[in-house]
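J.: Dropping the structure in here first, questions after.
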Amino acid sequence: MANALRSVALKGDSISTREWGKRGALAADLREAVPVHRGTLEAEAPLAPLSWFRTGGPAEVLAGPADEADLAALLAACPADIPVLVVGLGSNLLVRDGGVPGLMIRLGRGFSSITVDGMRVRAGAGAPDVKVARAAAEAGIDGLAFLRGIPGTVGGALRMNGGAYGGETAGALVEARALDRQGRAHVLSRADMAFTYRHCGAPDDLVFTEAVFEGGPGDPAAILAAMGAITDARAATQPVNTRTGGSTFKNPPGRKAWELIDAAGCRGLRIGNAQVSELHCNFLLNHGAASAAEIEALGEEVRRRVRETSGVELEWEIKRVGIAQPHSRS
Ligand SMILES: Cc1cc2nc3c(=O)[nH]c(=O)nc-3n(C[C@H](O)[C@H](O)[C@H](O)COP(=O)(O)OP(=O)(O)OC[C@H]3O[C@@H](n4cnc5c(N)ncnc54)[C@H](O)[C@@H]3O)c2cc1C
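Just so we're aligned: 207 in the numbering used here is position 191 of the sequence shown, and the numbers increase by one with no gaps anywhere.
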């Protein structure tokens with residue numbers, strides 16, 4: 017590799033101290049290392065269009081592998097000191113303004129198949145949750161309607177243990193398939209996933225490629241009606257058609273984050289173009305031109321006020337990724 021880079025592991029929700037390499041060098045190195053790569057590989061790829069907040073800097077390299085074999089080859093060729101991060105539909109991500117150094121992976125069409133077998137649904141990690149919910153409903157499989165309420169991919173649902181309206185990923189998952197940093201495939205049982213509330217304890221460096229869910233027999237019309245009710249409830253209580261990252265903070269044990277935020281007087285609080293939603297005050301909004309720094313500063317101000325008024329330390333549910341400062345390019 018021509019491109020010698022200094023790095024530390026890029027955690028899903030922490031500041032990376034890795035410096036950007038020479039412009040385009042990592043992409044060139046990866047193309048050289050994986051000449052058979054069949055997917056896309058883009059240097060300095062804008063990430064704002066890929067996140068619900070529509071803000072933040074670029075990815076040093078954004079790869080769209082064609083299929084699992086292609087992804088495995090890419091991971092095997094990527095030096096261990098290059099951070100790797102996956103983006104699903106970006107509905108739980110705040111991409112910082114300095115961008116994301118290293119290799120970012122986006123699973124596209126080659127990872128979006130959905131097949132039904134009896135009471136089981138096998139879905140690629142790039143498949144939208146809503147499509148999984150619909151396929152299950154139409155096949156008369158009950159127990160996956162909650163996925164209708166989560167605007168992400170199967171991969172994001174696995175990593176976040178996404179849940180809504182009484183169901184969560186942990187309750188419906190049979191097994192997940194993943195590649196490790198060396199490109200080796202693993203099958204993880206539900207127990208291996210070590211799920212807790214909005215958290216998956218499986219190793220951070222796994223890239224999920226597929227999941228098998230299971231439900232019980234149900235009436236398609238009734239399940240579709242339940243999904244419709246979820247859609248209506250969401251529209252009435254959440255700012256779903258805005259630039260947001262969904263619930264910003266996890267609910268502390270036995271408490272509701274939104275109630276603590278409301279009690280701290282933060283409903284409608286604003287920093288620049290970022291605002292705490294009036295409709296659901298655990299949601300932060302980008303009114304158009306907010307920087308990631310403004311959104312994150314607003315979240316930190318909410319945490320400070322909640323700590324002062326209730327003594328509770330709110331924990332970010334949204335994954336903040338990348339570097340907080342604009343990077344300098346050579
Ligand atoms: C309007 C709105 C409403 C929401 N409502 C809910 C809700 O009711 N319940 C709920 O649980 N969430 C909710 N969310 C949050 C979000 O939709 C979920 O967390 C979702 O599971 C994220 O999926 P994603 O594909 O968008 O992941 P991203 O936001 O792209 O990524 C989230 C995390 O998952 C990781 N990841 C993604 N794909 C993979 C993969 N293939 N392998 C390994 N890691 C991966 C990313 O690296 C990151 O750490 C809401 C968000 C919005 C914007």
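The beta carbon of each residue, even a glycine, is placed where N, CA and C say it ideally should be.
Out of curiosity, what's the CA-to-CA distance linking K272 and C94?
T.: 42 Å
J.: Please state the DSSP three-state secondary structure of G83.
T.: The sequence given here places Asp at residue 83; Gly does not occur at that position. Here D83 sits in coil by DSSP.
J.: What does R286 pair with, by DSSP beta-bridge criteria?
T.: For R286, which the question treats as bridged, DSSP gives the partners Q291.
J.: From the DSSP output, in three-state form, read off G304 for me.
T.: coil
J.: Cβ of S11 within 7 Å of any heavy atom in ligand 1?
T.: Here the chain comprises residues numbered 17 to 346, so residue 11 is not present and cannot be evaluated.
J.: One question on the structure: do A161 and A143 come within less than 8 Å of each other, judged by their Cβ atoms?
T.: no
J.: Along the alpha helix (DSSP H) that carries G187, what are the first and last residues, could you check?
T.: 185-188
J.: From A279 to G124, what distance separates their C-alpha atoms?
T.: 42 Å
J.: By DSSP, does A227 sit in helix, in strand, or in coil?
T.: strand
J.: Rounded to a whole number of angstroms, what is the C-alpha to C-alpha distance between W332 and G172?
T.: Those two C-alpha atoms are separated by around 16 Å.
J.: Could you have a look at G338 and say whether DSSP puts it in helix, strand or coil?
T.: DSSP places G338 in the coil class of the three-state scheme, outside both helix and strand.
J.: Quick check on the DSSP output: what are the complete alpha helix (DSSP H) runs of length 4 or more inside the stretch 225-260, in order along the chain?
T.: Counting only runs of 4 or more, we get 236-253.
J.: With a Cβ-Cβ cutoff of 8 Å, do T169 and L105 count as a contact?
T.: yes
J.: If you count every other CB in all the chains shown that lies within 10 Å of the CB of K335, and 16 or more means buried, which is it?
T.: Classification for K335: buried.
J.: Compute every distance between the C-beta of P167 and the non-hydrogen atoms of ligand 1, then say whether any falls below 7 Å.
T.: P167: yes, Cβ under 7 Å from ligand 1.
J.: In the DSSP assignment, what are the bridge partners of P74?
T.: Answer by DSSP bridge pairing, in chain order: P62.
J.: Cα separation between I246 and R164?
T.: 7 Å
J.: Contact between the stretch 226-240 and the stretch 204-216 is defined here as three or more beta-carbon pairs at a separation below 8 Å; is this criterion met?
T.: no
J.: Have a look at A238, P117, R70, T260 and flag the residue whose alpha-carbon is nearest the alpha-carbon of A152.
T.: Closest option to A152, Cα to Cα, is A238.
J.: Under the rule that 16 or more other beta-carbon atoms within 10 Å means buried, what is D235, buried or exposed?
T.: With fewer than 16 Cβ atoms within 10 Å of its Cβ, D235 is classed as exposed.
J.: Take every Cβ of the stretch 67-75, pair it with every Cβ of the stretch 108-116, and state whether three or more of those distances are shorter than 8 Å.
T.: yes
J.: If you draw a straight line from the alpha carbon of K147 to that of G261, how long is it in whole angstroms?
T.: Put simply, the backbone Cα of K147 is about 20 Å away from that of G261.
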